[in-house]
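Colleague: Chains as they are written, first to last, in the UniProt record's numbering: chain A, 1 to 291; chain B, 1 to 817; chain C, 1 to 161.
All C-beta atoms in this analysis are idealised placements derived from N, C-alpha and C, irrespective of residue type, glycine included.
Please read all numbers here as calculations on a predicted model, not as lab measurements.
Dropping the structure in here first, questions after.
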Amino acid sequence: MKPAAFTYHRAHDVTDAVGLLSDLAAAGEDPKLIAGGQSLMPMMNFRLARPSALVDLGPLRRLPSMTALDADAGTLTVGALVTHHAVETATLPDGFAVLARAMRWVGHLPIRSRGTVAGSLVHGDATAEWCLLALLLDAVVVTEGPSGRREIPADELFHGFYATAVEPDEVVVEVRFTRPAPHAALSEFARRHGDFAIVDAAVALDVSGDRVAGGRVVLGGVAPAPVRVPEAEAVLAAGGAPGPELFAAVADAAAAAIDPPDDPQVTSAYRRRLTRTLVADACAQAAGGPR
Amino acid sequence: MTTTDLPGIPPEVDPDQPEPDEPREHGGRPAGEPRFDGRRGRWVGASIPRHEDPRLLTGCGRFIDDIALSGMLHAGFVRATVAHAAITELDLAATREVHGVVAAYDAADLALGDIVAVLDRPAEEFTPTAMPILARGKVRFVGEPLALVVARDPYAVEDGIEAARVSYDALDAVVSEETALAPGAPAVHDEAPDNVLLDVSMFDTPGVDEAFADAALTVDVTTRSGRQNALPLETRGVVASWDARDDQLLVQTCSQVPHQVRTMLARSLGIAERTVRVTVPDMGGGFGQKCVVGREEIAVAAAAQRLDRPVKWIEDRREALTAGFLAREQRYRTRAAFDADGRITALDVDVVCDMGAYSCYPFTAGIEPLMASAEMPSVYRVPAYRVRGRAITSNKAPTAPYRGVSRPQYVMAIERVMERAARELGLDPVEVRRRNVITEFPYTGVNGVTYDPGTYLESLDLAEATIRDEGWYEAREAGDRHLGIGFCCFSERTGYGSEAFAKRKMTVVPGFDLSEIRMDTTGSVVVTSGTMNHGQSHETTFAQIVADRLGLDVARVKLRQGDTERIAYGWGTFASRSVTIGGSAVALASERLGELLCRIAAHLLETRPDNVALDGDGGVVQLDDPARRLPFEDIADVAHLRSHLLPKDVEPALTATASFDVPGDGTFSNASHAVVVEVDPGTGEIRILRYVCVEDCGVVINPKVVDGQCRGGIAQGIAGALFEEVTYDGHGEPSAASFIDYLVPTATEIPDVSIQHLETPCAFTANGAKGAGEGGTIGAPAAVLNAVNDALRHTGVELDTTPIHPSTVLAALEGEL
Amino acid sequence: MRDPHLLALTVNDSEYEVVVEPRRTLADVLRHDLLLTGTHVGCEHGVCGACTVLLDEAPVRACLVFAVQAEGSSVRTVESLADHGELSDLQQAFSDHHGLQCGFCTPGFLMLAEGVLAEQPDASREEIREGLSANLCRCTGYQTIVDAVHATACARRESAS
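Right under this line is the structure:
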């Protein structure tokens, strides 16, 4: 389990990284960016990924914007090299506190210490907590490429199984979360603590007075990419008093709407059943129930 | 120090202890064998700090991959990517061209002798099959080694492996009992056209059919356990080098059985056994996976000999999960007849063990079904017994005897039978066990085995009382949560001597162990053992035994293991044998050294030999004048440096040797486990809320060490019950090649375990100890499975397969099963 | 060697320079180039945690870091814990509580525990258990490892107050 050989290139700023990617590609190489490397390296050690060149963003950590977490006027801007652990330990405004709370589900401390928010989004695992949170809080992924800067909204980001809209020649520079949700939660089920979820659910409730007046329901592990569930969101939009009755209706709607994959280890029926449990649980937590 | 503490002087009887001095006659035990005399000293029984700890805690341990030799090369294997196929092409030309690759060998290049493990049984009972060191002609499982690549570093090795060209002509794969035994099934081995390697009906005692005819209740339970990996955290590995000066191949390897590796290596390479030296450094666990000889060890040794360079192979995790020895996949159909009072009247069992592609050396593919057949009646009085045990071969990674060896499975089968009978008869499951459990010892069972004294009923009562006193039954009845309580009562033969193994008709018969002890001129002691520590704390516990026998400080005792040059032969560490057999040999060697010290001391003190004794403080004392005393240093000084002062009939130097073998049927440790689980109605998740273990392994040498063995064993048992499994698809592709798919439980899945000790000293090991290595693993699957079934009792569903998946639990709760 | 890099690294307060292939993991460089074999390798895909070291004070899997990525960083391994043969409080607690058997996972657990305790000095026993669930042990059943780390946390809190 040793990676195949590659050449190694340190980028010193974003322009440098973009230039390296272009130059290497032009020279016939198959370059890939590495930041924390916590998703890429296991695949390289198994030789399931074998880029011929790596461009290391590590030196960009000295640029303040790359590791900054800035909350401003309803937007949270996360620099591209911010780690899961930095989010976990940050003091965030109420509208984004769900991000910090959700980090306990992301692997374990040694993974969170090194893995990055942007890296997780670009990797595009259908159960990755960040992918769900991006859809939940209307993230915008800002990239820099040969043709300049580009903003990719979360609902255009995920193209299926480990595929995203970020092009191989682009570098993510920041991720902006634009929809604060003070009543939000993420819940998931895995066989072992810290594992990739079998199914995970993220819920944001729009609360008006003592009533729920709308919200978001996002699921991972039920499709090749994380998905919003309009049928469940419709139940929230129809409104009601927060409580088990409403949340069960949301959960049932979510479970009914999906067509989860069936594989020998985990059946479609079981994923559907988990969906119901996890959506109801995430709703209850979002409404301020037991965390 | 009081006189009762002196080694060599019988102590007063401790009223709190059983009376081990009382002879407990044991069926088949030859007279005159060493027996435990009840002596307890200063060290045995104390949780002293482990001698192993300082080096392991500071990073100064030396594990196999820590060894680097000058000029060392690295090796890896081209492995089969299909489960069953004829090899139509194996081309290593491109491999040999890869930068850094030094050599590449296929089976023809190395021309090594096959590994063949044999039983002394007729052809209708056992079919020997050969395991080539590198595959020849065909491959039999995904991961089978085809060729060996040697390169300058492990990265280049993998580049070379990638460059190998292999083509196959695929054959249908045998991937289950059903596909193996189906008429016209493809044969994994030509020698065994029916895919059956062993088929033995070990017992069919009178009265089985009559008992079923007369039964008030018949239960019929089919239990299955998944294929597991013993999973030592350190994978296998070897460093081999040819030493021209010693005219010897030095093979440093990660093995529980260094002498058996030496024997097989010499045979496979066709060289004198003298020309092979096997040593074992610190080992990161084994649990049985390393108690068989690996073909990789032999191939690497051959390459080192050929290249005249040191060669290292370290198994990577993907290899360990797919191509290492696996374990456990078994199916039991157990029919049991009961009378109206819930007493078992007959047992009729059919066992099928899927041994995978090859028979392992030295144990053979027969080990699992033979173990199950011999021991299946477990702790119960079974009047009539019929059993058929089969080992089948399949296109899956081969198996090795993993911690417990069939006992987790047959215990699960019979404990499910007890629970099923209780349910049918409307009785409490613990009560059904009480009515059947052996209470009078020695007890000779329907299987012809004589069980030495144990605490079967006492441990069960104590486990139940603990759970009851803590209020778990009330909590379960409160009904607002899905709680279940499960039990398991079992024993485990730990002292398998050569007589017991010979009954299995092995041609390579483990059993005895040897020890040599030496005292140097400073009064320090080095003792050897043919056992092989890999986490069990032998350096500590054996030192405790020696220190008590000689009456010296435990810090002055050093254990040496894992070097075939230092001890004539040994059987290593497996089957919970080390402290019973190896520990007895060490005790006897110590005693002989003590006698020698006393003889010399008497001579030097100019008194009668019966007027001196070890003083328990590093010297010999004159009994009628305690002021006259010789410290060991003074005696050792004479024995080595002034040998002209020795008695005429005493040889110079201070050494003694001893051997020990367990007579007759051996000894049985026992335990009862009680588990409380909660199942989550939303996810089917199973959470263990309470785990109680009451165990009896005879004299406890070091309580913390025994607790550690219990807890670690239970963790592995829980892993098998709830998490770990390698499945194979219809083409023989394994499901788990990484820790993402093979679910080793972590600290959040394994509960705290409370342990209570009962102590029934073994009457015929030299130290009163029974083994403690496997018990936890044996009891946990049954206890957990029973608890889950109890939590599901209102559903009418009974689960009999491990691992138990949350999805199955959820389906049961929702009435979908 | 494809694309050799001269790498400068501080390990346990000593400075090292070593020429490496970029594909060489930090774990391999520590073990086989710097001969610091206390750090063990158990899976090479970031799950077992046997290779856990502190990289700029944070616990990381040394099998999931290319050595070249650690250029200029400071690494701490198990070899740094004892002081001239005297066990650290954490190491002593592991011995006192029988928190190790074969010892293969132990260096990884020690470095993980140092990382967890630095992060959460006030951690409860259950929080410690959750933190330690990052690594695998096959021998102990974890209970005594949790005990050892919890005892260390309590003793450190005691001596800090």
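Does B:P401 come within less than 8 Å of chain C when only Cβ atoms are used?
Modeller: Walking along the second sequence from the start, residue 401 of chain B turns up at place 401. No - not a single Cβ of chain C is within 8 Å of the one on B:P401.
Colleague: Who are the neighbours of C:G131 on chain A, taking C-beta pairs under 9 Å?
Modeller: On the third sequence, residue 131 of chain C is found 131 positions in, with the first residue counted as 1. Here the neighbours are H108, L109.
Colleague: Need the endpoints of the alpha helix (DSSP H) that B:R556 sits in, please.
Modeller: Here residue 556 of chain B refers to the residue found at position 556 when the second sequence is read from its first residue. Taken as a continuous stretch (DSSP letters only), B:R556 belongs to no alpha helix (DSSP H), as it is neither H nor E.
Colleague: Would you kindly work out how many angstroms separate the C-alpha atoms of A:R114 and C:R24, rounded to a whole number?
Modeller: Locating residue 114 of chain A in the first sequence gives position 114, counting from the first residue. Locating residue 24 of chain C in the third sequence gives position 24, counting from the first residue. Taking the straight line from one Cα to the other gives about 18 Å.
Colleague: Please report the straight-line C-alpha distance between B:R29 and B:G666, rounded to a whole angstrom.
Modeller: Residue numbering aside, residue 29 of chain B sits at position 29 when the second sequence is read from its first letter. Residue numbering aside, residue 666 of chain B sits at position 666 when the second sequence is read from its first letter. Residue confidence is low: B:R29 scores 37 on pLDDT, short of 50, so the model does not pin down where it sits. Its coordinate-derived value is still stated next. Cα to Cα, B:R29 sits roughly 9 Å from B:G666.
Colleague: Given this structure, state the Cα-to-Cα distance separating A:A284 from A:G240, to the nearest angstrom.
Modeller: For the purposes of this step, residue 284 of chain A is taken as the residue at position 284 of the first sequence. For the purposes of this step, residue 240 of chain A is taken as the residue at position 240 of the first sequence. About 14 Å.
Colleague: Rounded to a whole number of angstroms, what is the C-alpha to C-alpha distance between B:T777 and B:A213?
Modeller: Taking the second sequence and counting its residues from 1, one reaches residue 777 of chain B at position 777. Taking the second sequence and counting its residues from 1, one reaches residue 213 of chain B at position 213. C-alpha separation (whole angstroms): 36 Å.
Colleague: Can you tell me which of C:A62, C:E44, C:V116 puts its alpha carbon nearest to the alpha carbon of C:T52?
Modeller: Counted from its first residue, the third sequence places residue 52 of chain C at position 52. Closest option to C:T52, Cα to Cα, is C:A62.
Colleague: What residue from C:T106, C:D122, C:H5 has the CA that sits closest to B:L57's CA?
Modeller: Taking the second sequence and counting its residues from 1, the one referred to as residue 57 of chain B is at position 57. Here the closest residue by C-alpha is C:T106.
Colleague: Is A:L109 near C:P59, with beta carbons less than 8 Å apart?
Modeller: Indexing the first sequence from 1 puts residue 109 of chain A at position 109. Indexing the third sequence from 1 puts residue 59 of chain C at position 59. Yes.
Colleague: Under 8 Å by Cβ, that's how I've got C:E130 and A:H193 pegged, so tell me the actual separation to the nearest angstrom.
Modeller: Looking up residue 130 of chain C in the third sequence gives position 130. Looking up residue 193 of chain A in the first sequence gives position 193. Between A:H193 and C:E130 the Cβ distance is about 7 Å, and since that is below 8 Å, they are a contact.
Colleague: With DSSP as the reference, identify every bridge partner of C:T25, one or two as the case may be.
Modeller: Stepping through the third sequence from its first residue, residue 25 of chain C is reached at position 25. DSSP, once it has assigned bridges, lists C:F66 as partnering C:T25.
Colleague: Where in the region 57–121 of chain A do unbroken runs of the alpha helix (DSSP H), each at least 4 residues long, occur, reported from the N-terminal end onward?
Modeller: Fully enclosed alpha helix (DSSP H) runs of 4 or longer: 84–89, 97–102, 109–114.
Colleague: Determine the DSSP secondary structure at B:I750, reduced to helix, strand or coil.
Modeller: The sequence position of residue 750 of chain B within the second sequence is 750, counting from 1. B:I750 falls in the coil class under three-state DSSP.
Colleague: Quick one: what's got a C-beta closer than 7 Å to C:H150's C-beta in the same chain, skipping five residues either side?
Modeller: In the third sequence, the residue the question calls residue 150 of chain C occupies position 150. Within the same chain, C:H150 has close Cβ partners R125, I128.
Colleague: Taking only the alpha-carbon atoms, compute the straight-line gap between B:E595 and B:A613 and give it to the nearest angstrom.
Modeller: As a position in the second sequence, residue 595 of chain B is number 595, starting the count at 1. As a position in the second sequence, residue 613 of chain B is number 613, starting the count at 1. Looking at the two C-alpha atoms, the distance is approximately 9 Å.
Colleague: Along the region 723–734 of chain B, where does the CB come closer than 9 Å to a CB of chain A? Name the residues.
Modeller: Cβ contacts with chain A come from F723, T727, D729.
Colleague: Considering only residues of the region 307–356 of chain B, which uninterrupted alpha helix (DSSP H) runs meet the minimum length of 4 residues and lie entirely inside it, listed in chain order?
Modeller: With a minimum length of 4 residues, the continuous alpha helix (DSSP H) runs that stay inside the region 307–356 of chain B are 317–322.
Colleague: Identify, in the order they occur along the chain, each residue of the same chain with its Cβ nearer than 6 Å to the Cβ of B:V276, setting aside the five sequence neighbours on each side.
Modeller: The residue given as residue 276 of chain B occupies position 276 in the second sequence. For B:V276, where only same-chain residues beyond five positions count, the Cβ hits under 6 Å are L249, R262, L265, A266.
Colleague: What do you reckon, are the CB atoms on B:A173 and B:V78 nearer than 8 Å?
Modeller: Here residue 173 of chain B is taken as the residue at index 173 of the second sequence, counted from 1. Here residue 78 of chain B is taken as the residue at index 78 of the second sequence, counted from 1. Not closer than 8 Å, so no.
Colleague: Show which residues of chain C have a CB atom less than 7 Å away from the CB atom of B:T748.
Modeller: Locating residue 748 of chain B in the second sequence gives position 748, where the first residue counts as 1. R129, E130, S133, listed in chain order.
Colleague: Should the region 734–741 of chain B be regarded as contacting the region 666–675 of chain B, the criterion being three or more beta carbon pairs within less than 8 Å?
Modeller: Segments in contact, no.
Colleague: Please tell me whether A:V116 and A:V82 are closer than 8 Å, where the distance is taken between their beta carbons.
Modeller: Along the first sequence, one-based indexing puts residue 116 of chain A at 116. Along the first sequence, one-based indexing puts residue 82 of chain A at 82. The residue you asked about is not Val; residue 116 of chain A is Thr in the sequence shown. In contact: A:T116 and A:V82 (Cβ atoms closer than 8 Å).
Colleague: The beta strand (DSSP E) spanning B:R236 covers which residue range?
Modeller: Within the second sequence, residue 236 of chain B is the residue found at index 236, counting from 1. Neither: B:R236 is in no beta strand (DSSP E) and is coded neither H nor E.
Colleague: Terminal residues of the continuous beta strand (DSSP E) containing B:T808?
Modeller: For the purposes of this step, residue 808 of chain B is identified with residue 808 of the second sequence, where counting begins at 1. Counting along the chain, B:T808 falls outside any beta strand (DSSP E), though it belongs to the alpha helix (DSSP H) covering 806–813.
Colleague: Are any of the Cβ atoms in chain A nearer than 8 Å to that of B:P745?
Modeller: Mapped onto the second sequence, residue 745 of chain B falls at position 745. So yes, B:P745 belongs to the interface.
Colleague: Are there 16 or more other CB atoms within 10 angstroms of the CB of C:V19, so buried, or fewer, so exposed?
Modeller: The count along the third sequence starts at 1 and reaches residue 19 of chain C at position 19. With fewer than 16 other Cβ atoms within 10 Å, it is exposed.
Colleague: For B:E431, collect the residues of the same chain with a Cβ closer than 8 Å to its Cβ; drop the 5 residues on either side in sequence, then sort them by chain order.
Modeller: Here residue 431 of chain B corresponds to residue number 431 of the second sequence, with the count starting at 1. Answer for B:E431: G342, A422, listed in chain order.
Colleague: Out of curiosity, what's the CA-to-CA distance linking A:A86 and A:D23?
Modeller: Residue 86 of chain A sits at position 86 when you count from the first residue of the first sequence. Residue 23 of chain A sits at position 23 when you count from the first residue of the first sequence. Straight-line Cα distance between these residues: approximately 33 Å.
Colleague: Run through chain B and tell me which residues come within less than 9 Å of A:H193, C-beta to C-beta.
Modeller: As a working mapping, residue 193 of chain A is identified with position 193 in the first sequence. Result: T746, A747, T748, E749.
Colleague: Do we get a CB-CB distance below 8 Å when we pair A:F196 with the residues of chain C?
Modeller: One-based indexing of the first sequence puts residue 196 of chain A at position 196. A:F196 does not count as touching chain C.
Colleague: Starting from B:L810, find everything on chain A with Cβ-Cβ shorter than 8 Å and list it in chain order.
Modeller: Translated into the one-based positions of the second sequence, residue 810 of chain B becomes position 810. The contacting residues are Y270, R273.
Colleague: Leaving out the 5 sequence neighbours to the left and right, which residues in its chain are closer than 6 Å to A:Y162 when beta-carbon positions are compared?
Modeller: Taking the first residue of the first sequence as 1, we reach residue 162 of chain A at position 162. If we look at A:Y162 and ignore the five residues flanking it on each side, its Cβ neighbours are G124.
Colleague: Determine the closest residue to B:E177 out of B:Y332, B:T466, B:V586, B:G366, with distance taken between C-alpha atoms.
Modeller: By one-based count along the second sequence, residue 177 of chain B stands at place 177. Comparing Cα positions, the closest option is B:Y332.
Colleague: Could you name each continuous alpha helix (DSSP H) segment of 4 residues or more that falls completely within the region 6–34 of chain A, going from the start of the chain to the end?
Modeller: For the region 6–34 of chain A, whole alpha helix (DSSP H) runs of length 4 or above, ordered along the chain, are 14–26.
Colleague: Whose Cβ in chain C lies nearer than 7 Å to the Cβ of B:I161?
Modeller: For this step, residue 161 of chain B is matched to residue 161 along the second sequence. Here the premise fails: no neighbours, minimum Cβ distance about 15 Å.
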